[in-house]
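Enquirer:
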Amino acid sequence: MEPIFKENPQLDVVYKTSDGKYFYTENDAKNYASNLEDKKVKKLVRGEDKSEKVEETATEDVAEPNKKQTKTKK
1 MEPIFKENPQ
11 LDVVYKTSDG
21 KYFYTENDAK
31 NYASNLEDKK
41 VKKLVRGEDK
51 SEKVEETATE
61 DVAEPNKKQT
71 KTKK
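Residues in the sequence shown are numbered from 1 upward in steps of one, following full-length UniProt numbering.
#1: Buried or exposed: where does LYS30 fall if 16 or more other Cβ atoms within 10 Å of its Cβ makes it buried?
#2: Sort GLY47, VAL41 and VAL45 by Cα distance to SER18 and report the nearest one.
#3: Looking at the secondary structure, which residues open and close the alpha helix (DSSP H) in which TYR32 lies?
#4: State yes or no: is the C-beta of LEU44 within less than 9 Å of the C-beta of VAL13?
#5: Give the C-beta separation of TYR22 and LYS16 to the nearest angstrom, bearing in mind that I take them to be a contact with Cβ-Cβ under 8 Å.
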């Protein structure tokens, strides 16, 4: 069992990034993972028997912010 479930008995679902950080929401985990080399996020679900199920979700590549474009005069 993941330590986060032992430390938080009321918690049923968390998202874990490839560097081992936990997040309560998938969106937060994916946003954080977009800056990592390994962008995988695992969904951890505590089961009825107080164990957890792991689902791995892939993150989409995030486009880099638009760079300033310079205009050329004609």
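Cβ coordinates follow ideal geometry from the N, Cα and C atoms, glycine included.
Expert: Quick look at the numbers:
#1: Looking at its Cβ environment, which holds 16 or more other Cβ atoms inside 10 Å, LYS30 is buried.
#2: VAL41
#3: 26-33
#4: yes
#5: 5 Å
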